[in-house]
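Enquirer:
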Amino acid sequence: MFPQHRPRRLRTHPQLRRMVRETVLTTSDLIYPLFAVPGEGIANEVKSMPGVFQLSVDKIVEEAKEVYDLGIPAIILFGIPTDKDVDATGAWHDCGIVQKAATAVKQAVPDLIVIADTCLCEYTSHGHCGYLQVGDLTGRVLNDPTLELLKKTAVSQAQAGADIIAPSGMMDGFVQAIRSGLDEAGFQDTPILSYAAKYASAYYGPFRDAAESAPQFGDRRTYQMDPANAREAIKEIELDIAEGADMLMVKPALAYMDIIWRVKEACNLPVAAYNVSGEYSMVKAAALNGWVDEERVVMETLTSFKRAGADLILTYHAKDAAWWLG
Ligand SMILES: [Zn+2]
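Numbering (our numbering), first residue to last: 7 to 332.
1) For ASP195, which of ALA202, PRO44 and GLY187 has the nearest alpha-carbon?
2) Among all the DSSP beta bridges, which residues are the ones paired with GLU51?
3) Is HIS134 buried or exposed, if buried means 16 or more other CB atoms sit within 10 Å of its CB?
4) Check ALA122 in the structure and name its three-state DSSP category.
5) Touch check for the stretch 24–35 and the stretch 65–79: three-plus C-beta pairs under 8 angstroms?
6) I need the straight-line Cα distance from ALA122 to ALA164, nearest angstrom please.
7) Buried or exposed for GLN230, going by 16 or more other Cβ atoms inside 10 Å?
8) In or out: MET25 buried (at least 16 other Cβ within 10 Å) or exposed?
9) Scan the stretch 217–271 and note each continuous beta strand (DSSP E) run of 3 residues or more that stays entirely inside, going in chain order.
10) Going by DSSP, what residue range makes up the beta strand (DSSP E) through PHE84?
11) May I ask which residues mark the beginning and end of the alpha helix (DSSP H) holding SER287?
12) Tell me TYR280's beta-bridge partners as DSSP assigns them.
13) Buried or exposed: which applies to HIS11, given that a residue is buried once 16 or more other Cβ atoms fall within 10 Å of its Cβ?
14) When the Cα atoms are used, what is the spatial distance from PHE41 to PHE59?
15) If contact is defined by three or more beta carbon pairs under 8 angstroms, each pair taking one atom from either stretch, is the stretch 193–211 in contact with the stretch 275–287?
16) Reducing DSSP to helix, strand and coil, say where VAL92 ends up.
17) Does the beta-carbon of CYS135, which I'm using as the reference point, lie nearer than 7 angstroms to any heavy atom of ligand 1?
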């Protein structure tokens, strides 16, 4: 006897499929990353990321208007400074590139949410995410002294107009340090989106071209997480929640959908997934070769992040996705 249930019944018509669809991606879920460089009228395409540009502040403002008009609620800013030094001065200086970009965007498009990535690797001469012991060639960042720099960076970003502070360096205690810094400076209402579970991933390759932040020596494995670990992600998010994080991020996204799911199950905070540069570049390269249908692959991937539990998705596909969503 044939079973009573034929699941195909609900797949017979596009409208019927639409009615029973469990996960719906919307433009409100998207966050668009932007890379700010000094100068004027500059738009350098990142070779390994077709369609992604390093932009001078005037161009960032133009881009921000376009992003806002597409209905995308937020951007996240990364900066490439003129000079790099051991104190990461470009990260926390009032005239830092992210500070300038944040102020200009908030002036031109006040309703667009500006998230500031808060890390030091783009600004240190050695490309690591904090202070190193003099003579260190392994990249074992000194945790507690680095917290002071992160605090300073977050406060100056908030002063420049950033709506959300997003610390990404995986230092122990960074959420608490930044929270106390923001509170002392009068930014009690500025939320923290913590890169809570950030893995030492090869998928960041193209980003380092875009942000010019590749470490000069060593690697980031003494602070970013081992890709083999899942339970440790829960430990990391529990600490960040206890320290006052308002939102949590899992990075990368594609190879870590199980982590997105676990994090979502383990907490009540909004969860963001970072669809990183390498994930973007693989799709772009395959699409440019005609090997995959870009629109379908992108929409399937973004929808899957949401199905896995992501409330927010940081993605270089954001503008295209917003366009396709209509
Ligand atoms: Zn960093």
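Every residue, glycine too, gets a C-beta built ideally from N, C-alpha and C.
Expert: Taking the coordinates as given:
1) GLY187
2) PHE59
3) When all chains shown are included, HIS134 counts as buried.
4) strand
5) Three or more beta-carbon pairs separated by less than 8 angstroms link the stretch 24–35 to the stretch 65–79, which places the two stretches in contact.
6) One C-alpha to the other measures close to 8 angstroms.
7) Label assigned to GLN230: buried.
8) So MET25 counts as exposed.
9) With a minimum length of 3 residues, the continuous beta strand (DSSP E) runs that stay inside the stretch 217–271 are 253–257.
10) 80–85
11) Its alpha helix (DSSP H) spans residues 283–294.
12) The partner list for TYR280 (beta bridge, DSSP) reads LEU320.
13) exposed
14) 7 angstroms
15) A contact between stretches requires three or more CB pairs, one per stretch, nearer than 8 angstroms, and the stretch 275–287 meets this requirement with the stretch 193–211.
16) coil
17) yes
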